[in-house]
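Here's the structure we're looking at; comments come further down.
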DNA sequence: CGTACTATTGACCTAAATCAAAACGCGTGG
DNA sequence: CCACGCGTTTTGATTTAGGTCAATAGTACG
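Chains as they are written, first to last, in the numbering used here: chain A, 447 to 685; chain B, 447 to 685.
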């Protein structure tokens, strides 16, 4: 539907991917003259709260963040996980509808809303970004509305394995090669539970079950070695 | 964040809201020269299936539609409800990620993707549209992840009462005036269940409970008279 | 009116929540 | 290096909200 092949907005500012130094600003073509402001967050820092005035957009350059909403009695639902290249800070009305919190150390590229709306190229990129988030949100809606605990956790694990499970799934690479991968959760059990619409105990029990079944090994609390990717994939409810 | 005040894309074509006749095309300013193609659907017609090639956008001019996804074993999750003024047909990759089906008789305005991407005004409008859908999706995520059956059904009913429950909630209009409203569901119990992540029986039981508590009256199967809006609102989990 | 959905109600079951305790990590300071 | 203490995770026992299965009751339509 749209044709751009950009994968990171910050790349608009130079030929090479942005790598954390302030040196190479070229003020290029259509991209506009944003200040290239960077912002750093420590794990669990809040970038903005639900209800704050929305004035900037952010791109995650490094690290992982989450968007969540709270009910008045304290129930929390994590609504979206943002990784490198993802954008956040969109708002329809003038206020954020979610709270944004860092899950790990994070490095952000900051854009003033004005910079975006004056650059067609950025507009276009932002649009793409929204569409991709929407698709993930749709998929997550199915997870929350219709999947069992085992299916939810399996789907979550698969989401951490690039190029597997999804549409362009490369399959279990025909030859009997490893089909194995170590993934960093970057989230506590509580955060995973709040993302998957479960309790911490249920998440823990499912992980133990997968361990007992020999599909995964828990290396550190937040680092899981998947010993049989295809096996996990079979449990997502999508096959 | 964006400044437009348009509320319907089809209005771009003339000063007055589009009202179902093909007469008044003005080929105006920036809006571009789309053909103004109209399409009609009967209840339960499918506009497109998940996986179909995405080539057009649609605006709901009249009626109600839903987007849904199916799991291979037949479980269904309704992901979004579209009403007058809403747009559908967005896609990130080149294929639809959901199936779109009419819930009632529907009248659509059809746009070729090309028309959209060449008109900045339309781009801008589509952007707004996406942001608003995203916000509703976030809210629905909380419903599916964290709310009880009673809260889900109450939230659903409140979503059918304009200007109540949400951010600009006008409150129970201080004077002891009615605080009453009849809403058209435009959905069967099964469709509501699939939207709220429940079973048909649970939806039915909750509705019966609200009836017994004197908060609603079921007029026809798909028309509910809410006798105490504020009472329902208290049950949404958001107060 | 009869046929055929659609919705409601009831009885029972189960997956996940809740409550409670034990085990594990992990950083701190001796 | 080890002991201590705190937070997180795991495990166990029990409860419960909502699911499943089955029968009945509406409602709509020709």
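Note that the Cβ used here is the ideal one computed from N, Cα and C, for glycine as well.
Just the chain B side, please: which residues come within less than 7 Å of residue i by C-beta, in chain order?
i, result
"residue 544 (chain A)", "584"
"residue 515 (chain A)", "584, 588"
"residue 521 (chain A)", "592"
Would you mind reading off the limits of the beta strand (DSSP E) that contains residue i?
i, result
"residue 485 (chain A)", "484-487"
"residue 628 (chain A)", "627-630"
"residue 669 (chain A)", "669-672"
"residue 512 (chain A)", "511-516"
"residue 502 (chain A)", "502-508"
"residue 526 (chain B)", "522-528"
"residue 545 (chain B)", "545-548"
"residue 493 (chain A)", "492-494"
"residue 661 (chain B)", "First-last for residue 661 (chain B): undefined, no H or E at that position."
Starting from residue i, trace the alpha helix (DSSP H) in both directions and tell me its first and last residue.
i, result
"residue 597 (chain A)", "595-605"
"residue 647 (chain A)", "646-658"
"residue 587 (chain A)", "566-592"
"residue 637 (chain B)", "635-642"
"residue 680 (chain A)", "675-680"
Can you pull the chain A residues whose beta carbon is under 9 Å from the beta carbon of residue i, in chain order?
i, result
"residue 685 (chain B)", "518"
"residue 609 (chain B)", "Near residue 609 (chain B) there are no residues of chain A at all, since even the closest Cβ is about 14 Å away, more than 9 Å."
"residue 674 (chain B)", "Within chain A, no residue comes near residue 674 (chain B); the closest Cβ sits about 20 Å away, beyond 9 Å."
"residue 566 (chain B)", "566, 569"
If you draw a straight line from the C-alpha of residue i to the C-alpha of residue j, how long is it?
i, j, result
"residue 646 (chain B)", "residue 635 (chain B)", "6 Å"
"residue 675 (chain A)", "residue 661 (chain A)", "8 Å"
"residue 534 (chain A)", "residue 542 (chain A)", "10 Å"
"residue 486 (chain A)", "residue 511 (chain A)", "12 Å"
"residue 607 (chain B)", "residue 627 (chain B)", "7 Å"
"residue 469 (chain B)", "residue 548 (chain B)", "With a pLDDT of 31 at residue 469 (chain B), under the threshold of 50, the modelled position of this residue cannot be trusted; read the value that follows with caution. Roughly 25 Å between the two C-alpha positions."
"residue 570 (chain A)", "residue 482 (chain A)", "19 Å"
"residue 673 (chain A)", "residue 654 (chain A)", "14 Å"
"residue 574 (chain B)", "residue 588 (chain B)", "22 Å"
"residue 563 (chain B)", "residue 536 (chain B)", "12 Å"
"residue 519 (chain B)", "residue 652 (chain A)", "22 Å"
"residue 530 (chain A)", "residue 555 (chain A)", "11 Å"
"residue 522 (chain B)", "residue 586 (chain B)", "16 Å"
"residue 494 (chain A)", "residue 553 (chain A)", "15 Å"
"residue 667 (chain A)", "residue 657 (chain A)", "13 Å"
"residue 683 (chain B)", "residue 601 (chain B)", "8 Å"
"residue 544 (chain A)", "residue 594 (chain B)", "21 Å"
"residue 566 (chain B)", "residue 567 (chain A)", "11 Å"
"residue 616 (chain A)", "residue 496 (chain B)", "21 Å"
"residue 581 (chain A)", "residue 532 (chain A)", "14 Å"
"residue 625 (chain A)", "residue 612 (chain A)", "16 Å"
Residue i and residue j look like a contact to me (Cβ under 8 Å); what is the Cβ gap, rounded to whole Å?
i, j, result
"residue 527 (chain A)", "residue 603 (chain A)", "About 13 Å; that fails the 8 Å criterion."
"residue 638 (chain B)", "residue 649 (chain B)", "5 Å"
"residue 525 (chain A)", "residue 514 (chain A)", "6 Å"
"residue 631 (chain A)", "residue 670 (chain A)", "6 Å"
"residue 591 (chain B)", "residue 590 (chain A)", "5 Å"
List, in order along the chain, the chain B residues whose C-beta lies closer than 8 Å to that of residue i?
i, result
"residue 525 (chain A)", "584, 587, 588"
Could you tell me which chain B residues have their CB closer than 9 Å to the CB of residue i, listed as they occur along the chain?
i, result
"residue 574 (chain A)", "538"
Could you list which residues in chain A have their beta carbon closer than 7 Å to that of residue i, in chain order?
i, result
"residue 643 (chain B)", "590, 591, 592"
* Pairing CB atoms from the stretch 545-559 of chain A with CB atoms from the stretch 492-503 of chain A, are three or more of them under 8 Å? -> Look at the beta carbons and you see the stretch 545-559 of chain A touching the stretch 492-503 of chain A: at least three pairs across the two are nearer than 8 Å.
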